[in-house]
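Right, one structure below, let's go through it.
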Amino acid sequence: MIDKKQQKNIIVISGPSGVGKDTLMEIIEKRNPEKIHIAITATTRKPRSNERNGINHFFVNKVKFNQMINNDELIEWATVYENFYGVPKFEITNNLEKNNKVLIRVDVQGAKRLKEILNHSVFIFISPESKKDLKNRLTLRHENSAIDIENRLMQSEKEISEADWFDFIVVNYPNQVEKAVLELSNIIGLN
């Protein structure tokens with residue numbers, strides 16, 4: 168499958184919902200388009216207002232997602248907040264062949280599964296400064312109900328408590344995105 172040397176070019180990024188994973192990854196990719204590829208994950212959830220199919224995710228229905236599972240097209244998949252998410256194998260292998268570093272965004276349970284499969288990859292946890300900071304981020308999204316926000320905050324506590332097995336923890340402080348981008352870039356080996 169993916170050898171040890173190639174796995175070192177796979178960066179698995181995880182953290183609570185709303186912590187800023189997408190923002191950080193997009194900035195790094197924009198600054199290093201010839202070196203970085205963000206793996207596009209497949210999901211059954213509805214797109215957010217700012218998301219496009221094939222750019223942010225592959226938005227598919229549950230029938231198509233199950234076909235992907237049955238055809239062994241996903242390196243990892245999970246159910247998160249009642250939706251399926253998975254990482255298509257071709258998103259990783261095609262980009263490793265181009266000598267790109269591949270960033271994979273997954274939740275903590277997905278990261279644990281990837282650790283079993285890609286144990287020579289780099290695993291980074293993005294943490295909020297505080298629960299209050301995370302609640303503010305989720306509220307500013309205007310895409311989540313109050314119940315959704317509370318559920319995500321409860322889940323975030325569990326995820327943060329499990330962060331110690333990651334290779335690196337990067338705190339994404341409010342209004343200091345550049346600091347987190349620099350730290351991530353250093354870990355990935357871009358500086």
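In this text, residue positions in the sequence shown follow my numbering: the first is 168, and each later residue adds one.
Quick reminder that beta carbons are idealized off the backbone N, C-alpha and C, glycines included.
For clarity, every value in this text was computed on a predicted model and none was experimentally measured.
Quiz prompt | Nearest candidate by alpha-carbon position, reference residue 181, set 341, 281 and 306 | solution = For the options 341, 281 and 306, the alpha carbon positioned closest to that of residue 181 is the one of 281.
Quiz item: Any chance the segment 306-319 sits against the segment 204-212, with 3 or more Cβ pairs inside 8 Å?
Solution: No, because fewer than three Cβ pairs between the segment 306-319 and the segment 204-212 fall closer than 8 Å, the two stretches do not touch.
Practice problem: Can you give me the start and stop residues for the beta strand (DSSP E) that residue 272 sits inside? | Solution: For residue 272, the enclosing beta strand (DSSP E) covers residues 268-272.
Quiz prompt | Same chain, Cβ closer than 8 Å to residue 263, five either side skipped, listed in chain order | solution = These residues qualify, in order along the chain: 169, 173, 176, 177 and 269.
Quiz item: Does the distance from the CB of residue 256 to the CB of residue 242 come in under 8 Å?
Solution: Cβ distance < 8 Å, so residue 256 and residue 242 count as in contact.
Quiz item: Hey, quick one: how far does the alpha helix (DSSP H) through residue 313 stretch, first residue to last?
Solution: For residue 313, the enclosing alpha helix (DSSP H) starts and ends at 313-328.
Self-check item: Classification of residue 252 by the beta-carbon crowding that lies within 10 angstroms, buried from 16 upward
Solution: By the neighbour-count rule (16 or more Cβ atoms within 10 Å), residue 252 is buried.
Quiz item: Is DSSP giving residue 339 helix, strand or coil here?
Solution: Strand, per DSSP.
Practice problem: Return the residue from the list 250, 320 and 329 that minimises the CA-CA distance to residue 291. | Solution: Of 250, 320 and 329, the residue nearest in Cα terms is 329.
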